[in-house]
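2 protein chains.
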Amino acid sequence: MTGSASPLRIGVLASGEGTNLQALLDACDEGRINGHVVLMLTNNPRAGAIVRCKRADVPFAVVDHRAFSERTAFDAVLVEKLRAARIDLVVLAGFMRIISPVLINAFAQRIMNIHPSLLPAFPGKEPQRQALEHGVRFSGCTVHFVDTGVDTGPIILQAVVPVHETDDVETLKRRIQEEEHRIYPQAVQFFAQGRLVLNGRRVTILPEASSLPDSF
Amino acid sequence: MTGSASPLRIGVLASGEGTNLQALLDACDEGRINGHVVLMLTNNPRAGAIVRCKRADVPFAVVDHRAFSERTAFDAVLVEKLRAARIDLVVLAGFMRIISPVLINAFAQRIMNIHPSLLPAFPGKEPQRQALEHGVRFSGCTVHFVDTGVDTGPIILQAVVPVHETDDVETLKRRIQEEEHRIYPQAVQFFAQGRLVLNGRRVTILPEASSLPDSF
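In structure tokens form, the structure reads like this:
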């Protein structure tokens, strides 16, 4: 997880509308991430993420999971394509397939996910609904490294939003999404800068290199 | 859980230093809670909470749990004393005994607890240590009604604090405690005002009576 001066080669896995993909594309365009999305892989031929890639001239491929009898075979194809594109960091952006150790081990500590809750609260499906039904007063989102559990990996960044009594799943989802679009690019930039260090399951964010003394 | 104009009769159960007890005493004194702590029960003859009661002229009793072979018998004595003092609301303030259904059912939906984490994350013991070891970026505290689970009851109020990379258990504990002393009296006042309504496991906070239209 060391940084380098050369721009980060980002691979995005998406299944849906791709709003987090868009946030990453915008952040790369605007120089907030020292890197580029060089490949987007999707399992869904109708993913909105495809439209965003076409518009931004980003290469993409559709790998239909229904063509594979085993998850590991599907993941092996993803790994092959990611390696061929010399991907430094794999970013899950609404990728609706559980990924297997085949992919996780191929990119150990180089796969990020974002989950719309304050993990470890409300992992898994429909976290916004879970939060509302539990009656919490705050929720948010969590960027984490992916490990073999469901939403259990080391936490990189989190953001908090209030939960209002008048909220339904959609209003809460939108409020959280605004924060997702803010912290996901930030986490990717920390990675690009080589500032993320894993200590056990805790992630330390190093200060910016420019703020370090010369003798560091 | 309906309110009344007469001041709330609060019973506090405490085992330790009693900083949350102090926050409640101060809030009652300053009129931020329409009520009074009319009884403090402790299982610990050396609890700092006792000193605070003496200073504030609040009746207290020591009920040593070691004198009881069963938790239910211990709780039955607490219930007897709370009933004799005509307690409206039981407030757990660092009470280090797990309470049994004997007490919970005697004061159904009239027992509050505060837990130093953003529940449902990190229930049980040493939540600050749990939070640090998990590597979360935010933690906080939760005021909830007590049910028969451990820190599982309906959530009344929560407050959020950042977790810094330089934090240890003590610094995080102190940061959370400041918020505890703010939201616990607030939750008790909502109860005193009759503004807390339980819908399933969600707690709705009604608007202040004075802000309702006359026809309400």
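Protein chains in written order, with my numbering: chain Y, 1 to 216; chain S, 1001 to 1216.
Cβ coordinates follow ideal geometry from the N, Cα and C atoms, glycine included.
Specify the secondary structure class of residue i as computed by DSSP and reduced to three states.
i, result
"Y/G219", "As displayed, chain Y neither begins before 1 nor continues past 216, which places residue 219 of chain Y out of reach and without an answer."
"S/F1216", "Note that S/F1216 has pLDDT 47, beneath the 50 cutoff, so the model's placement of it is unreliable and no number is given."
"S/M1001", "For S/M1001, the predicted structure reports a pLDDT of 48, less than 50, and the residue's modelled location is therefore unreliable. The matter cannot be settled from this model."
"Y/N199", "strand"
On the CB-based measure, 16 or more other CB atoms within 10 Å of its CB, does residue i come out buried or exposed?
i, result
"Y/V203", "buried"
"Y/A47", "buried"
"Y/G124", "exposed"
"Y/H164", "exposed"
"S/T1072", "exposed"
"Y/N20", "buried"
"Y/A192", "buried"
"S/T1142", "buried"
"S/S1015", "buried"
"Y/V12", "buried"
"S/D1168", "exposed"
"S/T1042", "buried"
"S/A1131", "buried"
"S/R1055", "exposed"
"Y/R52", "buried"
"Y/G200", "exposed"
"S/T1002", "Note that S/T1002 scores 49 on pLDDT, short of 50, meaning its location in the model is unreliable and no value can be drawn from it."
"Y/F216", "Any reading at Y/F216 needs caution, since the residue's pLDDT is 47, under 50, leaving its predicted position unreliable; the model's value is listed next. Per the 10 Å Cβ criterion, exposed."
"S/I1098", "exposed"
"Y/E180", "buried"
How would you write the range of the alpha helix (DSSP H) that residue i sits in, first residue to last?
i, result
"Y/T204", "Looking at the DSSP string, Y/T204 is not in any alpha helix (DSSP H); the run it does join, the beta strand (DSSP E), is 202-205."
"S/H1181", "1169-1192"
"S/H1134", "1127-1134"
"Y/A73", "71-84"
"Y/A23", "19-29"
Applying a beta-carbon distance threshold of less than 7 Å, which residues of chain S neighbour residue i?
i, result
"Y/G218", "In the structure as shown, chain Y starts at 1 and stops at 216, and residue 218 of chain Y therefore has no counterpart that could be examined."
"Y/P247", "Because chain Y in this structure spans residues 1 to 216, residue 247 of chain Y falls outside the shown range and cannot be described."
In the DSSP assignment, the beta strand (DSSP E) including residue i goes from what residue to what residue?
i, result
"Y/Q158", "155-162"
"Y/L92", "89-93"
"S/I1104", "Premise fails: S/I1104 lies in the alpha helix (DSSP H), 1101-1106, not in any beta strand (DSSP E)."
"Y/L13", "8-14"
"Y/F122", "No beta strand (DSSP E) contains Y/F122, which DSSP labels as neither H nor E."
"S/N1043", "From DSSP, S/N1043 is part of no beta strand (DSSP E); its letter is neither H nor E."
"S/H993", "With chain S covering 1001 to 1216 only, the question about residue 993 of chain S has no answer from this structure."
"S/I1033", "Element bounds for S/I1033: n/a, residue is neither H nor E."
"S/M1112", "1111-1115"
"S/A1061", "1060-1062"
Check the Cβ of residue i against every Cβ in chain S and list those closer than 8 Å, keeping chain order.
i, result
"Y/Q158", "V1136, R1137, F1138"
"Y/E180", "Those within 8 Å of Y/E180 in chain S number zero; the least Cβ separation is about 14 Å."
"Y/E126", "Result: empty, since nearest Cβ-Cβ is about 15 Å, beyond 8 Å."
"Y/E208", "Within chain S, no residue comes near Y/E208; the closest Cβ sits about 15 Å away, beyond 8 Å."
Closer than 7 Å by beta-carbon distance: list the chain Y residues that pair up with residue i, in chain order.
i, result
"S/E1070", "Ordered by position in chain Y, no residue passes the 7 Å Cβ test against S/E1070, which lies about 33 Å from the chain."
"S/E982", "Residue 982 of chain S is absent from the model: chain S starts at 1001 and stops at 1216."
How would you list, in chain order, the residues of chain S whose beta-carbon sits under 9 Å from the beta-carbon of residue i?
i, result
"Y/E30", "None at all; the shortest Cβ gap to chain S is about 24 Å."
How would you list, in chain order, the residues of chain Y whose beta-carbon sits under 9 Å from the beta-carbon of residue i?
i, result
"S/E1017", "Near S/E1017 there are no residues of chain Y at all, since even the closest Cβ is about 26 Å away, more than 9 Å."
"S/E1170", "Correct list: empty, because the minimum Cβ distance to chain Y is about 18 Å."
Taking 7 Å as the cut-off, is the C-beta of residue i nearer than that to any heavy atom in the ligand FAD?
i, result
"Y/L172", "The model on display carries no ligand, and the ligand FAD is accordingly not part of it."
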